[in-house]
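Have a look at the structure below, then the notes.
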Amino acid sequence: MTQIPILKLEGIFKNFGGVKAVNNVSFSIETGEIHAIVGENGAGKSTLMNILAGVFPCDSGKMFLNGDAYSPANPNEARSSGVSIVFQELALFPLLSV
Numbered sequence: 157m158t159q160i161p162i163l164k165l166e167g168i169f170k171n172f173g174g175v176k177a178v179n180n181v182s183f184s185i186e187t188g189e190i191h192a193i194v195g196e197n198g199a200g201k202s203t204l205m206n207i208l209a210g211v212f213p214c215d216s217g218k219m220f221l222n223g224d225a226y227s228p229a230n231p232n233e234a235r236s237s238g239v240s241i242v243f244q245e246l247a248l249f250p251l252l253s254v
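Per this note's numbering, the sequence shown starts with residue 157, numbered consecutively.
Printed below as a string of structure tokens:
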């Protein structure tokens with residue numbers, strides 16, 4: 157019996173102009189697994205997470221969430237699907253004191 161992955165990415169690409177930010181990324185996450193996305197600065201980690209969280213659309217490739225096609229148009233749609241991101245860039249909240 158094959159388990160459906162919680163999240164599956166197939167051939168995800170994202171370019172910004174002539175810069176390949178994400179180049180043919182594929183992986184899946186099964187129930188009970190823990191994954192880490194690691195790499196050098198500029199490797200595309202944040203871009204990939206932003207694609208998952210609906211901040212950026214991918215240029216090509218497919219994403220599946222619990223076996224269903226997943227392509228959030230924006231962060232609110234991603235959150236409604238149960239996917240969200242905690243941004244590390246504090247400049248996103250310039251008017252907050254904490």
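The C-beta atom is built at its ideal place from N, Cα and C for all residues, glycine as well.
Residue i (DSSP reduced to helix, strand or coil)
i, result
"E233", "helix"
"N180", "strand"
"C251", "A quick correction: the sequence has Leu, not Cys, at residue 251. Coil."
"N171", "strand"
"S227", "coil"
C-beta atoms of residue i and residue j nearer than 9 Å
i, j, result
"E166", "F220", "yes"
"L190", "P161", "Per the sequence presented here, residue 190 reads as Ile, with Leu not at that position. Contact: no."
Residue of the options minimising C-alpha distance to residue i
i, options, result
"S240", "S253, L204 and A225", "L204"
"K218", "F172, S202, S182 and A192", "S182"
"S216", "V175, N180, G174 and V194", "N180"
"E196", "A177, C214, G188 and L208", "A177"
"T158", "S202, N222, G200 and S237", "N222"
"Q244", "S202, G188 and I193", "S202"
"N171", "G198, S237 and G188", "G198"
CA-to-CA distance, residue j to residue i, given in whole angstroms
i, j, result
"P231", "N206", "9 Å"
"P228", "K164", "14 Å"
"F169", "L252", "34 Å"
"A234", "V175", "25 Å"
"G238", "G173", "30 Å"
Status (buried if at least 16 other CB within 10 Å, exposed otherwise) for residue i
i, result
"G210", "buried"
"A225", "exposed"
"G188", "exposed"
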